[in-house]
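> Below is one structure. I have some questions about it.
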Amino acid sequence: KTLPGNRPPIPNIHENAFGAYRYSEDIVQNFKLCSYLCQFWSWIVKREMKHNQSKIVPSNSSQNNNYDCLCNIDIDMLKRVRNLVPPPPKDLLDTIVNDL
35 KTLPGNRPPI PNIHENAFGA YRYSEDIVQN FKLCSYLCQF WSWIVKREMK
85 HNQSKIVPSN SSQNNNYDCL CNIDIDMLKR VRNLVPPPPK DLLDTIVNDL
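For reference, each letter of the sequence shown is one residue, going 35 to 134 in our numbering.
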């Protein structure tokens, strides 16, 4: 299980990192997968930071807090995670479920 502060840094992959092989379909697909996974991890880190900065509202309160709804960005990211082929790693899925 991954927790905030207990994750390896997200690697940056330059689009020309594969040199002459950059047009190989396998490498292009791998690059896209890595790019999507980086976006998903960045998204979840932002959500966790948002949760950490929000004030705690008692569960019987009628006030809304950051946990009450998903914005359009969250919904879009969840759709992208769902449609990813191959599916994202289990640790990412577990982290998303725990956050929600």
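A virtual CB, placed ideally from N, CA and C, is assigned to each residue, including glycine. From a predicted model like this one, the values you see are computed outputs, not experimental measurements.
With the cut-off set at 7 Å, would you say residue 126 and residue 74 are in Cβ contact?
Their beta carbons are under 7 Å apart, which means residue 126 touches residue 74 by this criterion.
> If you follow the alpha helix (DSSP H) that residue 130 is in, where does it begin and where does it stop?
Counting along the chain, the alpha helix (DSSP H) containing residue 130 begins and ends at 124-133.
> From 76, 69, 68, 110, pick the residue whose C-alpha is nearest to that of residue 41; which is it?
Among 76, 69, 68, 110, the Cα nearest to that of residue 41 is on 76.
> Please state the DSSP three-state secondary structure of residue 46.
Coil.
> Nearest-angstrom Cα distance between residue 81 and residue 60?
If I take the Cα positions, the gap works out to 32 Å.
> Are residue 122 and residue 115 touching if we call contact CB-CB under 7 Å?
Yes.
> Distance check for residue 117 and residue 110, CA to CA, integer angstroms please.
Near 11 Å, if we compare the C-alpha coordinates of residue 117 and residue 110.
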